[in-house]
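Numbering (my numbering), first residue to last: 114 to 556. C-beta: ideal position from N, C-alpha, C; glycine also. In this text the structure is predicted, and so the values were computed from the model without any measurement.
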């Protein structure tokens, strides 16, 4: 791979009938864009020169750390299934549809397999390299870049992109490049230590593009008074954020108490919505429904049945553990460390029995189980988010090509665009798919 040390203008190959392409960003979308660009040139028998610019010393920084370093590369399923489950906003589903069909999760798995990186699918549909090492994916993509005759320049941070005599002048901190086509794949603004600091948004703005302000997604939520329960988890609860009397968002899944507040799949999933509410409302309250499978009436009947059956049993003894319903289906799991907080919330003495539980107290317990307060939101830290929401407005990009609707031969792909998926490999697949689509249409 090239390391440019002096300022030099790299001209295109127009005089030879070639088309020059500069890809800005060496992450998942950028590398796939460069590889797809070469494939398109070979398929159409067109000559082209391809340059990839990456501000870091090495490419694929976020790929290496995704999935806790195990690299959750994608999610198994049809494109429609991935879009429906992984992207909950219909506008984003519609925009990504063509990209997901152009380069599917099966296409990605096959590309990795042919390069010697075997994958396996977990029961939950998440796909990982068998070796559990994200670096192996990056090394394969680097190999494919070399085989695609892509000239990669690292430690080259793009400072500006300007139109120059019908072409583009791309200026970095170390050199300058002339190109017929520019593909911007710089990522979002989360995990800034990996080099994603929003450079692409400034490039988009310079060409007249609008963008939605970036905000956290797949991030933990910090609260003003965290519970001293770090490490305790709640399984299959309804996690609700409420702002004012009429604005609330809810998601079902597993929650983890942390030293600063909460994390876990359901928190990461809802963090984008909570961050958006924080931009409008000063006070956001969090609640947990510990028995989401049961209505309030059904849960009350369950408590009454227990009271009739075991009147001398202490309520706190009953609460802790796993609770089942019809056909032994689990309807709630309450970890022991949470029980004292439930008892306190319901104003119950620690040794109260079912026979001593009056109707008024039973209603308080019922409310605590279905609407347990988790505290006030303090922050949704952007730099702790796995991805960022916001970015270049989707209306200004052609979803069938990833080309700018404002500037011909300017393409955008990856997390730079205004979409954000769920946890589970959906966002990496979106980066790979939009990058592939952009590169395929750049020739």
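Buried versus exposed call for residue i [16 or more other C-beta atoms within 10 Å across all chains shown]
{"i": "residue 500", "result": "buried"}
{"i": "residue 414", "result": "exposed"}
{"i": "residue 308", "result": "Confidence at residue 308 is low in this model, with a pLDDT of 48, below 50, so its placement is unreliable and the value that follows should be read with caution. Buried, by the Cβ-count rule."}
{"i": "residue 117", "result": "Residue confidence is low: residue 117 scores 42 on pLDDT, short of 50, so the model does not pin down where it sits. Its coordinate-derived value is still stated next. Label assigned to residue 117: buried."}
{"i": "residue 327", "result": "buried"}
{"i": "residue 443", "result": "exposed"}
{"i": "residue 476", "result": "exposed"}
{"i": "residue 273", "result": "exposed"}
{"i": "residue 129", "result": "Note on residue 129: pLDDT 48, under 50, position unreliable in the model; the coordinate value appears next. With fewer than 16 other Cβ atoms within 10 Å, it is exposed."}
{"i": "residue 278", "result": "exposed"}
{"i": "residue 393", "result": "exposed"}
{"i": "residue 120", "result": "Confidence at residue 120 is low in this model, with a pLDDT of 47, below 50, so its placement is unreliable and the value that follows should be read with caution. Per the 10 Å Cβ criterion, exposed."}
{"i": "residue 372", "result": "exposed"}
{"i": "residue 182", "result": "exposed"}
{"i": "residue 196", "result": "buried"}
{"i": "residue 556", "result": "buried"}
{"i": "residue 205", "result": "buried"}
Option in the options with minimal Cα separation from residue i
{"i": "residue 396", "options": "402, 316, 404 and 387", "result": "387"}
{"i": "residue 236", "options": "228, 188 and 272", "result": "188"}
{"i": "residue 342", "options": "370, 353 and 506", "result": "370"}
{"i": "residue 170", "options": "266, 191, 278 and 450", "result": "266"}
{"i": "residue 293", "options": "132, 509 and 548", "result": "132"}
{"i": "residue 614", "options": "208, 183 and 198", "result": "Residue 614 lies beyond the range of the chain shown here (114 to 556); nothing can be said about it."}
{"i": "residue 502", "options": "540, 136 and 457", "result": "540"}
{"i": "residue 435", "options": "454, 518 and 348", "result": "348"}
{"i": "residue 225", "options": "344, 542, 481 and 455", "result": "542"}
{"i": "residue 234", "options": "227, 136, 416 and 219", "result": "219"}
{"i": "residue 166", "options": "346, 464 and 299", "result": "299"}
{"i": "residue 258", "options": "518, 146, 210 and 281", "result": "146"}
{"i": "residue 481", "options": "419, 447, 389 and 135", "result": "447"}
{"i": "residue 202", "options": "546, 507 and 517", "result": "507"}
{"i": "residue 346", "options": "441, 358, 314 and 445", "result": "445"}
{"i": "residue 430", "options": "450, 441, 438 and 439", "result": "450"}
{"i": "residue 190", "options": "221, 172, 180 and 162", "result": "221"}
{"i": "residue 246", "options": "286, 200 and 184", "result": "184"}
{"i": "residue 269", "options": "485, 168, 179 and 316", "result": "168"}
{"i": "residue 486", "options": "457, 495 and 152", "result": "457"}
{"i": "residue 516", "options": "157, 538, 548 and 238", "result": "548"}
{"i": "residue 421", "options": "495, 466 and 454", "result": "466"}
{"i": "residue 261", "options": "162, 280 and 463", "result": "162"}
{"i": "residue 316", "options": "179, 275, 412 and 493", "result": "275"}
Contact belief for residue i with residue j at Cβ below 8 Å, rounded distance in angstroms
{"i": "residue 81", "j": "residue 193", "result": "The structure shown does not extend to residue 81, since the chain is modelled only from 114 to 556, so the question has no answer here."}
{"i": "residue 402", "j": "residue 351", "result": "4 Å"}
{"i": "residue 416", "j": "residue 479", "result": "7 Å"}
{"i": "residue 150", "j": "residue 438", "result": "The pair is not a contact, with the Cβ atoms about 55 Å apart (cut-off 8 Å)."}
{"i": "residue 302", "j": "residue 495", "result": "7 Å"}
Own chain, CB closer than 8 Å to residue i, minus 5 neighbours either side, in chain order
{"i": "residue 488", "result": "336, 337, 338, 339, 340, 374, 398 and 399"}
{"i": "residue 214", "result": "192"}
{"i": "residue 382", "result": "331, 364, 366, 535 and 536"}
{"i": "residue 362", "result": "353, 354, 383, 386, 387 and 390"}
{"i": "residue 318", "result": "324"}
{"i": "residue 452", "result": "429, 432 and 433"}
Test item: CB-CB of residue i and residue j under 8 Å
{"i": "residue 504", "j": "residue 535", "result": "no"}
{"i": "residue 254", "j": "residue 144", "result": "yes"}
{"i": "residue 283", "j": "residue 297", "result": "no"}
{"i": "residue 365", "j": "residue 379", "result": "yes"}
{"i": "residue 468", "j": "residue 424", "result": "yes"}
{"i": "residue 354", "j": "residue 497", "result": "no"}
{"i": "residue 271", "j": "residue 137", "result": "yes"}
{"i": "residue 520", "j": "residue 290", "result": "no"}
{"i": "residue 251", "j": "residue 159", "result": "no"}
{"i": "residue 212", "j": "residue 546", "result": "yes"}
{"i": "residue 550", "j": "residue 320", "result": "no"}
{"i": "residue 474", "j": "residue 409", "result": "no"}
Neighbourhood of residue i by C-beta distance below 6 Å, restricted to the same chain and skipping five residues each side
{"i": "residue 554", "result": "514"}
{"i": "residue 491", "result": "335, 336 and 337"}
{"i": "residue 385", "result": "330, 502 and 533"}
{"i": "residue 217", "result": "192"}
{"i": "residue 249", "result": "230 and 242"}
{"i": "residue 544", "result": "141, 142 and 527"}
{"i": "residue 313", "result": "297, 299 and 529"}
{"i": "residue 148", "result": "257 and 261"}
The ligand PLP heavy atom lying under 7 Å from the CB of residue i
{"i": "residue 475", "result": "The model depicted lacks the ligand PLP and carries no ligand whatsoever."}
Cutoff 8 Å: residue i Cβ touching any chain C Cβ
{"i": "residue 448", "result": "Looking at the structure shown, chain C is missing, and only one protein chain is on hand."}
Spatial neighbours of residue i in its chain, beta-carbon cut-off 7 Å, leaving aside the 5 residues before and after
{"i": "residue 124", "result": "Because residue 124 sits at a pLDDT of 43, beneath the cut-off of 50, its placement in the model cannot be relied upon, and the point is left open."}
{"i": "residue 459", "result": "474, 477, 478 and 481"}
{"i": "residue 463", "result": "429 and 456"}
{"i": "residue 461", "result": "428, 474 and 478"}
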